[in-house]
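Trainee: Here's a structure for you.
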Amino acid sequence: MRRKLIENQKPNRKNIEAFQRSLLQWYQKNKRTMPWRDIENPYYTWVSEIMLQQTRVDTVIPYFLRFIEKYPTVKDLAKGEDEDLLKLWEGLGYYSRVKNMKIAAREVVEKYDGVFPKERKALESLKGIGEYTAGAIASIAYEQKEPAVDGNVLRVMTRITGNHGDIKLGKTKKEITHGVRKLLPEENLGDFNQGLIELGAVLCTTAKAPDCEICPVSEFCLAFEKNLQGALPVKGKAMKKRLEKKTVLIFTYKEQLFLRKREERGLLAGLWEFPNIKGHIKEEALKEILEKEQHLAEENLTVENITRLEDSKAVFSHIQWNLMAYQVNLKSSEGPPEGLRIKEDKNYLELPVEEVMDNGRWIPREEVRKDYSIASAFKAYRKEVL
DNA sequence: AACACGGGGGC
DNA sequence: GCCCCAGTGTT
């Protein structure tokens, strides 16, 4: 018979204490090794928690190590360069995270003298720290009695309690958070919250059937008792992606590539990309445009050849880009090359389609590799020319 | 409450 | 091809 944590609307203290012991014991024995784990450094906790938002542990580890090497303390980070931070984040996704981190770092330095606050409310007021992350930092770094409910905990707890609410809804999350709060022990708050999370990550999984046979808390689990593991958690349908066609233009001139910087807001904010335009255009049309292009002529640049590259796809959470691409190799039409004749104040090329070359510049391949974050959406082409 | 916001890995 | 991931900010 299942041991109930709540009976007749009331917490069953004895069972709750047994649950806490089982979970803690399991966690302390089985927890995975992570570079930020079991180090008392709220800055590390914060960096890791931000990186772990919607991102797997294995992906995060190398990013985390590079990050703390370059920015060992929150004070170092507060002085960080945007372009450098973006480079450190390249490929991790959700780039507003790192932008918000710098804002938060400055606030921690100015308002809290470089020490992260320990109160949930104070943590939540920092940019990029929401309900989950505040609870995680408060409990892991400071042993505060606060819940930390992420996707793992939602899965574990809907199963344990048999909650059939849609976990995408705020209502369900609120119920679960409330439930977790009542389960919190008086000590080992960080381990308890991480135990719940770890359980969801390694045993109480969705993609694969959960490994209930070795679960430390299966005796408290309603889904286990009634064999509802496959039915829980309930999650609403994912949003449909909208499709966008794009033509990518990869201009090369000797050792240089033409890149442009994306807007500071919106998708892939501030990252670099190859110029691209809406829709798919044919090679003949492209040739015609390029031959008439005034600025190319002014720079004594002519098209040496055009190669159609392989189509590729970039999938985001809400959009899909269907990409076609041309590599356009340019040459100097005049005399022995003196390098590209582009002056400091005039390093823009303009095609009739204005957006194509906006915010762009020529950059030597070597610099691109070292210093520029190009959106992974273009990785097939980056590989082709870098 | 709904949507914007990435990229990789598992099945 | 679909789903998921140690979520948050904006509208």
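When we follow full-length UniProt numbering, the leftmost residue of the first sequence carries the number 1, and every step to the right adds one.
The C-beta atom is built at its ideal place from N, Cα and C for all residues, glycine as well.
Measure how close the beta-carbons of Q229 and C215 come, nearest whole angstrom, since I'm counting them as under 8 Å.
Mentor: Indexing the first sequence from 1 puts residue 229 at position 229. Indexing the first sequence from 1 puts residue 215 at position 215. Their Cβ separation, rounded to whole angstroms, is 10 Å, which puts Q229 and C215 out of contact at 8 Å.
Trainee: Of the residues L77, G190, R262 and G162, which one's Cα is nearest the Cα of S218?
Mentor: Translated into positions along the first sequence, residue 218 becomes position 218. Among L77, G190, R262 and G162, the Cα nearest to that of S218 belongs to G162.
Trainee: What's the C-alpha gap between K14 and Q20?
Mentor: Translated into positions along the first sequence, residue 14 becomes position 14. Translated into positions along the first sequence, residue 20 becomes position 20. For K14 and Q20, the distance between alpha carbons rounds to 10 Å.
Trainee: Ignoring anything shorter than 3 residues or poking outside the segment 170-254, list the beta strand (DSSP E) runs there in chain order.
Mentor: With a minimum length of 3 residues, the continuous beta strand (DSSP E) runs that stay inside the segment 170-254 are 242-253.
Trainee: For the alpha helix (DSSP H) containing W36, list its first residue and its last residue.
Mentor: In the first sequence, the residue the question calls residue 36 occupies position 36. No alpha helix (DSSP H) contains W36, which DSSP labels as neither H nor E.
Trainee: Taking 8 Å as the cut-off, decide whether the C-beta atoms of F274 and I250 are in contact.
Mentor: For this step, residue 274 is matched to residue 274 along the first sequence. For this step, residue 250 is matched to residue 250 along the first sequence. At the C-beta level, F274 and I250 come within 8 Å of one another.
Trainee: Which of the three DSSP states is assigned to I167 in this structure?
Mentor: The residue labelled residue 167 in the question sits at position 167 within the first sequence. I167 falls in the coil class under three-state DSSP.
Trainee: When the Cα atoms are used, what is the spatial distance from R159 to L259?
Mentor: Along the first sequence, one-based indexing puts residue 159 at 159. Along the first sequence, one-based indexing puts residue 259 at 259. Going from the Cα of R159 to the Cα of L259 covers about 49 Å.
Trainee: Which value, in whole angstroms, describes the spacing of the CA atoms of E264 and H178?
Mentor: Taking the first residue of the first sequence as 1, we reach residue 264 at position 264. Taking the first residue of the first sequence as 1, we reach residue 178 at position 178. Between E264 and H178, the C-alpha separation is close to 38 Å.
Trainee: I need the boundaries of the beta strand (DSSP E) containing F258, first residue and last residue.
Mentor: Within the first sequence, numbered from 1, the residue matching residue 258 stands at position 258. Where F258 is concerned, the enclosing beta strand (DSSP E) stretches over Q256 to K261.
Trainee: For the beta strand (DSSP E) containing N30, list its first residue and its last residue.
Mentor: For the purposes of this step, residue 30 is taken as residue 30 along the first sequence, with counting starting at 1. Where N30 is concerned, there is no enclosing beta strand (DSSP E), although the alpha helix (DSSP H) it sits in stretches over R13 to N30.
Trainee: Quick test of your reading: I167 and V234, contact by CB under 8 Å. State the CB separation rounded to the nearest angstrom.
Mentor: Along the first sequence, read from residue 1 onward, the residue named residue 167 stands at position 167. Along the first sequence, read from residue 1 onward, the residue named residue 234 stands at position 234. The Cβ separation is near 7 Å, so the contact holds.
Trainee: What number of angstroms, rounded off, separates the C-alpha of R382 from the C-alpha of I374?
Mentor: By one-based count along the first sequence, residue 382 stands at place 382. By one-based count along the first sequence, residue 374 stands at place 374. So the alpha carbons of these two residues sit roughly 8 Å apart.
Trainee: With a threshold of 16 other CB atoms inside 10 Å of the CB of A285, please say whether the residue is buried or exposed.
Mentor: Translated into positions along the first sequence, residue 285 becomes position 285. Exposed, since its Cβ has fewer than 16 Cβ neighbours within 10 Å.
Trainee: Are the beta-carbon atoms belonging to Q28 and D191 less than 8 Å from one another?
Mentor: In the first sequence, the residue the question calls residue 28 occupies position 28. In the first sequence, the residue the question calls residue 191 occupies position 191. Against a cut-off of 8 Å, the Cβ pair of D191 and Q28 comes out as a contact.
Trainee: With respect to 7 Å, is the separation between the Cβ of S376 and the closest non-hydrogen atom of the ligand SAH below this value?
Mentor: For the ligand SAH, the structure offers nothing, since it holds no ligand at all.
Trainee: Tell me whether T302 sits in a helix, a strand or coil according to DSSP, three-state version.
Mentor: Within the first sequence, numbered from 1, the residue matching residue 302 stands at position 302. Here T302 sits in strand by DSSP.
Trainee: Measuring only the C-alpha atoms, how far is E124 from E131?
Mentor: What you label residue 124 is simply residue 124 of the first sequence in a count that begins at 1. What you label residue 131 is simply residue 131 of the first sequence in a count that begins at 1. Straight-line Cα distance between these residues: approximately 6 Å.
Trainee: From what residue to what residue does the alpha helix (DSSP H) around L286 run?
Mentor: As a first step, residue 286 is located in the first sequence; it is residue number 286 there, counting from the start. First-last of the alpha helix (DSSP H) with L286: E283 to K292.
Trainee: Could you check how far apart the C-beta atoms of L88 and Y95 are, in whole angstroms? I think they sit under 8 Å.
Mentor: For the purposes of this step, residue 88 is identified with residue 88 of the first sequence, where counting begins at 1. For the purposes of this step, residue 95 is identified with residue 95 of the first sequence, where counting begins at 1. Going by Cβ atoms, the distance from L88 to Y95 rounds to 11 Å, so no, they are not a contact pair.
Trainee: From R37 to L330, what distance separates their C-alpha atoms?
Mentor: Translated into the one-based positions of the first sequence, residue 37 becomes position 37. Translated into the one-based positions of the first sequence, residue 330 becomes position 330. For R37 and L330, the distance between alpha carbons rounds to 52 Å.
Trainee: Just the C-alpha distance for I363 and L301, rounded to the nearest angstrom, thanks.
Mentor: The residue given as residue 363 occupies position 363 in the first sequence. The residue given as residue 301 occupies position 301 in the first sequence. Going from the Cα of I363 to the Cα of L301 covers about 16 Å.
Trainee: Quick one, are the C-beta atoms of V328 and V368 less than 8 Å apart?
Mentor: Stepping through the first sequence from its first residue, residue 328 is reached at position 328. Stepping through the first sequence from its first residue, residue 368 is reached at position 368. No, Cβ-Cβ distance for V328 and V368 is not below 8 Å.
Trainee: DSSP state of E7, grouped into three classes?
Mentor: Here the question's residue 7 lines up with position 7 in the first sequence. Here E7 sits in strand by DSSP.
Trainee: Can you tell me which of E299, A269 and E291 puts its alpha carbon nearest to the alpha carbon of D82?
Mentor: For this step, residue 82 is matched to residue 82 along the first sequence. Selected option, being the one with the closest Cα: A269.
Trainee: Looking only at its chain, what residues have a beta carbon closer than 6 Å to the beta carbon of L189, apart from the 5 residues adjacent to it on each side?
Mentor: For the purposes of this step, residue 189 is taken as the residue at position 189 of the first sequence. Setting aside the 5 residues that flank it on each side, L189 is surrounded in the same chain by S139, E143 and K145, each with a C-beta closer than 6 Å to its C-beta; the list follows chain order.
Trainee: For S332, which residues in the same chain have their Cβ closer than 6 Å to its Cβ, ignoring the five residues on either side in sequence?
Mentor: Residue 332 sits at position 332 when you count from the first residue of the first sequence. Correct list, in chain order: N300.
Trainee: Where do the N-terminal and C-terminal ends of the beta strand (DSSP E) with Y326 fall, by residue?
Mentor: Within the first sequence, the letter at position 326 stands for residue 326. Segment I319 to S332, the beta strand (DSSP E) holding Y326.
Trainee: Rank M34, W46, Y71 and I39 by C-alpha distance to the C-alpha of T59 and give the top, closest one.
Mentor: Position 59 of the first sequence, counted from the first residue, corresponds to residue 59. Here the closest residue by C-alpha is M34.
Trainee: Which residue wins for smallest C-alpha separation from R120, given the options V108, T133, G279 and E110?
Mentor: Sequence index remark: in the first sequence, residue 120 carries index 120 (1-based). The option with the nearest alpha carbon to R120 is T133.
Trainee: Cutting at 8 Å between CB atoms, please list the residues of its own chain near R106, excluding the five before and the five after it.
Mentor: Working through the first sequence from its first residue, we reach residue 106 at position 106. Closer than 8 Å at Cβ, skipping near neighbours: A78.
Trainee: Compute the distance between the beta-carbons of K245 and H280, then report whether it is under 8 Å.
Mentor: Here residue 245 refers to the residue found at position 245 when the first sequence is read from its first residue. Here residue 280 refers to the residue found at position 280 when the first sequence is read from its first residue. Yes.
Trainee: By Cβ distance, which residues of its chain are closer than 8 Å to K226, with the 5 residues on each side in sequence left out?
Mentor: Here residue 226 is taken as the residue at index 226 of the first sequence, counted from 1. Contacts found: G162.
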